[in-house]
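In the working numbering, the protein residues as written are 447 to 737. Working notes, beginning with the structure itself.
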């Protein structure tokens with residue numbers, strides 16, 4: 447069971463801590479537990495309730511009316527709202543609730559419903575990426591276990607792989623792209639989405655996946671002579687090793703357009719060679735491919 451501070455509830459629900467405390471006192475909406483040293487904390491059930499209350503409050507329902515709803519009525523009103531609205535925040539909140547519950551069926555239904563309404567590209571860029579940012583709060587505070595992280599990642603991964611497999615093959619004359627993660631890098635979701643965008647744009651793709659040794663990458667490049675080299679770097683390499691890696695890529699493969707993305711690249715102060723481009727978002731990759 448998760449244990450959340452009021453600040454974490456604020457980050458996940460969007461409701462100010464001061465407002466949550468007022469609601470506690472005035473409407474008894476939730477009641478925090480206390481540790482042996484008298485520090486307040488909240489449960490998974492409190493988190494889900496506050497998220498649902500936030501959804502209804504943000505869509506015009508008065509808090510006095512919300513306070514009178516039973517737990518079932520609260521959930522039903524949120525579900526009905528989700529059916530009638532196309533609101534990104536609402537979708538993201540429902541995914542957080544499904545994840546806290548480890549409810550695969552609810553998560554699948556939500557993703558499928560959102561995908562039907564928005565299409566895959568908007569689902570990933572407008573819903574999945576912000577959702578992953580939001581639950582980063584839970585990972586940082588230890589309220590998500592590795593099992594829960596893998597649960598979510600694998601469900602999203604499955605959706606992307608199915609979408610990639612459903613795309614047509616490229617023509618023989620199409621430009622070629624190699625997509626890979628550097629050695630020891632395992633965070634694959636962003637690269638999978640980039641694979642989808644690149645293949646959808648009509649390029650011939652060679653997807654190498656996680657933790658690719660440099661010499662293996664060199665051999666594949668020598669054999670297939672790509673036009674683009676695309677990598678996502680979230681945790682490995684970092685610091686001065688990352689700078690050296692970027693320069694080595696640029697020097698060894700000077701005729702290629704090298705496209706790099708990921709938190710490690712965006713947050714580092716790097717000297718970027720002329721044949722390397724740092725992608726600020728998935729949509730910036732689309733812009734490059736569309737030119």
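Beta carbons: idealized from backbone N, C-alpha and C, even for Gly.
Proximity of residue i and residue j at Cβ, strictly below 7 Å
{"i": "residue 682", "j": "residue 630", "result": "yes"}
{"i": "residue 648", "j": "residue 620", "result": "yes"}
{"i": "residue 650", "j": "residue 616", "result": "yes"}
{"i": "residue 537", "j": "residue 570", "result": "no"}
{"i": "residue 635", "j": "residue 602", "result": "yes"}
{"i": "residue 463", "j": "residue 452", "result": "yes"}
{"i": "residue 705", "j": "residue 725", "result": "yes"}
{"i": "residue 696", "j": "residue 719", "result": "yes"}
{"i": "residue 534", "j": "residue 572", "result": "yes"}
{"i": "residue 606", "j": "residue 626", "result": "no"}
{"i": "residue 633", "j": "residue 680", "result": "yes"}
{"i": "residue 490", "j": "residue 460", "result": "no"}
{"i": "residue 520", "j": "residue 450", "result": "no"}
{"i": "residue 678", "j": "residue 637", "result": "yes"}
{"i": "residue 486", "j": "residue 478", "result": "yes"}
{"i": "residue 597", "j": "residue 541", "result": "no"}
{"i": "residue 691", "j": "residue 670", "result": "no"}
{"i": "residue 527", "j": "residue 640", "result": "no"}
{"i": "residue 663", "j": "residue 689", "result": "no"}
{"i": "residue 455", "j": "residue 488", "result": "yes"}
Contact set for residue i: own chain, Cβ-Cβ below 7 Å, skip 5 residues either direction
{"i": "residue 659", "result": "629"}
{"i": "residue 609", "result": "566 and 642"}
{"i": "residue 693", "result": "719"}
{"i": "residue 544", "result": "552, 553 and 556"}
{"i": "residue 503", "result": "509 and 512"}
{"i": "residue 469", "result": "475 and 509"}
{"i": "residue 656", "result": "627, 631, 632 and 634"}
Counterpart residues of residue i in DSSP-defined beta bridges
{"i": "residue 655", "result": "626"}
{"i": "residue 677", "result": "626 and 706"}
{"i": "residue 660", "result": "Residue 660 is not bridged to any residue."}
{"i": "residue 631", "result": "Beta-bridge pairing links residue 631 to no other residue."}
{"i": "residue 487", "result": "479"}
Range of the contiguous beta strand (DSSP E) that encloses residue i
{"i": "residue 723", "result": "722-724"}
{"i": "residue 536", "result": "Unbroken run through residue 536 is the alpha helix (DSSP H), 534-546; no beta strand (DSSP E)."}
Neighbourhood of residue i by C-beta distance below 6 Å, restricted to the same chain and skipping five residues each side
{"i": "residue 501", "result": "524, 536 and 539"}
{"i": "residue 711", "result": "679 and 724"}
{"i": "residue 498", "result": "520 and 524"}
{"i": "residue 743", "result": "What the structure shows of the chain is the stretch from 447 to 737, and residue 743 is not part of that stretch, so it cannot be assessed."}
{"i": "residue 496", "result": "455 and 459"}
Host alpha helix (DSSP H) of residue i (start-end)
{"i": "residue 752", "result": "An answer regarding residue 752 cannot be provided, because it is not within the stretch 447 to 737 covered by the chain."}
{"i": "residue 709", "result": "709-713"}
{"i": "residue 557", "result": "550-564"}
{"i": "residue 452", "result": "452-459"}
{"i": "residue 503", "result": "490-504"}
{"i": "residue 621", "result": "Careful: residue 621 lies outside any alpha helix (DSSP H) and carries neither H nor E."}
{"i": "residue 465", "result": "463-473"}
{"i": "residue 730", "result": "728-736"}
{"i": "residue 510", "result": "509-513"}
Helix, strand or coil at residue i according to DSSP, with G and I counted as helix
{"i": "residue 609", "result": "helix"}
{"i": "residue 650", "result": "strand"}
{"i": "residue 595", "result": "helix"}
{"i": "residue 615", "result": "coil"}
{"i": "residue 641", "result": "helix"}
{"i": "residue 449", "result": "coil"}
{"i": "residue 701", "result": "coil"}
{"i": "residue 520", "result": "helix"}
{"i": "residue 671", "result": "coil"}
{"i": "residue 527", "result": "helix"}
{"i": "residue 717", "result": "coil"}
Same chain only: Cβ atoms within 8 Å of residue i, ignoring 5 sequence neighbours per side
{"i": "residue 735", "result": "643, 644, 647 and 649"}
{"i": "residue 700", "result": "721"}
{"i": "residue 729", "result": "571"}
{"i": "residue 547", "result": "490 and 494"}
{"i": "residue 507", "result": "523"}
{"i": "residue 480", "result": "486 and 487"}
{"i": "residue 714", "result": "684, 685, 688 and 689"}
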